[in-house]
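Novice: A single structure is presented below for examination.
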DNA sequence: AAGTTGATGCAATTGAGTTGCAAAGTTGTT
DNA sequence: AACAACTTTGCAACTCAATTGCATCAACTT
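Residue numbers (my numbering), protein chains in the order written: chain W, 306 to 441; chain G, 306 to 441.
Here is the structure:
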């Protein structure tokens, strides 16, 4: 397990410090995307700023991606193996207004959009709001 | 012109106060979606909170819609005539990373998404980032 | 004119995100 | 082992948008 964690960090050329192992471990357990605040609460003692910078590093190295689900706090979730976070690889996110959880709909790619002429595409954020299967 | 403004307010059953007429007037002039801060600067003297509440009212009454474009400040834009802000009516938004403007792509409806079973849909936010035609 | 309701303006608070800086830890070199 | 060079961590403090409380003001009702 620890092997696995270190492998993932190494694969993205992130130095495997204790903190980073811990954060990655917790992230890997989540079924939904989590905010910095939620993560913070999952540790006994955790410095907000270290967490913040850890997440930034993870995101830069494309180990995780962030989702702005419109709730005011950004959520983070693990990327899939070998993800490059390119527009074609992105998936839809779902925010449940009942349980307030944000889920990666990994199997639902973001549909392509025909932009007006001379518009270039870099990135897409698509968040669907509604009620998830568990809350109906 | 003033007639027009009052008609729009009345049509959505919003009491046409001076402030609201003014804000609606300025909103109608915009080519892109604007933040509260940007709006504030367009007035000589404007109280942030009044503006805030005016926008809230407008949004509740579906005179405007808000866009969370991921920049950290919410943008507002007029809805089209007779818009109910239902999922089928929503359009894609475009954030230009060059000019930092957020545009309503009114002619591009949000593509439909096949959600997993038992997920219900209430709303969709779709923001495409890239470079707009003016900035290329 | 008094009373009720809604709108406005100021002050102050919240809450997420961010920066600065010094201490602690890591790595590589002699 | 000792040193320098670099990275990571932790605390304090700050920024900035959004929001709330409360008192005042305007408009409409009886």
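Yeah, the Cβ is synthetic: ideal placement off N, Cα and C, and Gly gets one too.
1. Which residues of the segment 349-380 of chain W have a Cβ closer than 7 Å to any Cβ of chain G? Give them in chain order.
2. Hey, residue 378(G) and residue 342(G) are a contact pair by Cβ (cut 8 Å); roughly how many whole angstroms apart?
3. Give every residue of the same chain whose Cβ lies closer than 7 Å to the Cβ of residue 359(W), excluding the five residues on either side of it in the sequence, and list them in chain order.
4. Taking Cβ-Cβ distances shorter than 8 Å, what residues in chain G pair up with residue 434(W)?
5. Taking Cβ-Cβ distances shorter than 9 Å, what residues in chain G pair up with residue 333(W)?
6. Near residue 339(W), which residues of its chain fall below 7 Å by C-beta distance, leaving aside the five closest residues on each side in sequence?
7. What residue range does the beta strand (DSSP E) around residue 372(W) cover?
8. Are the C-beta of residue 409(G) and some C-beta of chain W separated by less than 8 Å?
9. Taking Cβ-Cβ distances shorter than 8 Å, what residues in chain G pair up with residue 402(W)?
10. Using C-beta distances below 6 Å, list every residue in its chain close to residue 431(W), excluding the 5 sequence neighbours before and after it, in chain order.
11. Using DSSP with H/G/I as helix, E/B as strand and the rest coil, what is residue 353(G)?
12. Going by beta-carbon coordinates alone, are residue 424(G) and residue 437(W) separated by less than 8 Å?
13. Taking 8 Å as the CB-CB limit, is residue 438(W) close to chain G?
14. Does the CB of residue 420(W) have a neighbour CB from chain G at under 8 Å?
15. Does DSSP put residue 428(W) in a helix, a strand or coil?
16. Who are the near neighbours of residue 337(G) in its chain, counting only those whose CB is closer than 7 Å to its CB and skipping five residues on each side?
17. Could you give the residue range of the alpha helix (DSSP H) that holds residue 315(G)?
18. At least one CB of chain W closer than 8 Å to the CB of residue 319(G): is that the case?
19. First and last residue of the beta strand (DSSP E) that includes residue 383(W)?
20. Rounded to the nearest angstrom, how far is the Cβ of residue 392(W) from that of residue 426(W), given a contact under 8 Å?
21. Grouping DSSP H, G and I as helix and E and B as strand, with all else coil, what is residue 330(G)?
22. Looking at the secondary structure, which residues open and close the beta strand (DSSP E) in which residue 410(G) lies?
23. Using a Cβ-Cβ cut-off of 8 Å (strictly less than) and excluding sequence neighbours within five positions of residue 375(G), which residues of its own chain qualify?
Specialist: According to the data block:
1. 373, 375
2. Your numbering for residue 378(G) matches position 73 in the second chain. Your numbering for residue 342(G) matches position 37 in the second chain. Rounded, the Cβ-Cβ distance is 6 Å, consistent with contact.
3. For the purposes of this step, residue 359(W) is identified with residue 54 of the first chain, where counting begins at 1. Same-chain partners within the cutoff: 324, 325, 328.
4. Here the question's residue 434(W) lines up with position 129 in the first chain. Ordered by position in chain G, the residues that pass the 8 Å Cβ test against residue 434(W) are 426, 427, 428, 429, 430.
5. The residue you call residue 333(W) lines up with position 28 of the first chain. Chain G residues near residue 333(W): none, gap ~22 Å exceeds 9 Å.
6. As a position in the first chain, residue 339(W) is number 34, starting the count at 1. Correct list, in chain order: 380, 381.
7. Your numbering for residue 372(W) matches position 67 in the first chain. Residues 369-372.
8. As a first step, residue 409(G) must be located in the second chain, where it is residue number 104. It does not: the Cβ of residue 409(G) has no partner Cβ on chain W nearer than 8 Å.
9. Indexing the first chain from 1 puts residue 402(W) at position 97. 427, listed in chain order.
10. Sequence index remark: in the first chain, residue 431(W) carries index 126 (1-based). Once the five neighbours on either side are set aside, the close Cβ partners of residue 431(W) are 397, 415.
11. Sequence index remark: in the second chain, residue 353(G) carries index 48 (1-based). In this structure, residue 353(G) counts as helix in the three-state DSSP scheme.
12. Against the second chain, residue 424(G) aligns to sequence position 119. Against the first chain, residue 437(W) aligns to sequence position 132. Yes, they are a contact pair.
13. On the first chain, residue 438(W) is found 133 positions in, with the first residue counted as 1. With 8 Å as the cut-off, residue 438(W) counts as an interface residue toward chain G.
14. By 1-based counting over the first chain, the position of residue 420(W) is 115. Residue 420(W) counts as touching chain G.
15. For the purposes of this step, residue 428(W) is taken as the residue at position 123 of the first chain. Of the three classes helix, strand and coil, the one that applies to residue 428(W) here is strand, per DSSP.
16. Mapped onto the second chain, residue 337(G) falls at position 32. Contacts found: 406, 407, 408.
17. What you label residue 315(G) is simply residue 10 of the second chain in a count that begins at 1. Note, residue 315(G): alpha helix (DSSP H), 307-316.
18. Along the second chain, read from residue 1 onward, the residue named residue 319(G) stands at position 14. Not an interface residue.
19. One-based indexing of the first chain puts residue 383(W) at position 78. Run containing residue 383(W): 380-383, per the beta strand (DSSP E) assignment.
20. Looking up residue 392(W) in the first chain gives position 87. Looking up residue 426(W) in the first chain gives position 121. Right, the Cβ-Cβ distance comes to about 6 Å (below 8 Å), so this counts as a contact.
21. Against the second chain, residue 330(G) aligns to sequence position 25. In this structure, residue 330(G) counts as helix in the three-state DSSP scheme.
22. If you number the second chain from 1, residue 410(G) lands on position 105. First-last of the beta strand (DSSP E) with residue 410(G): 407-414.
23. Here the question's residue 375(G) lines up with position 70 in the second chain. Closer than 8 Å at the Cβ level, and outside the excluded window around residue 375(G), lie 400, 432, 434.
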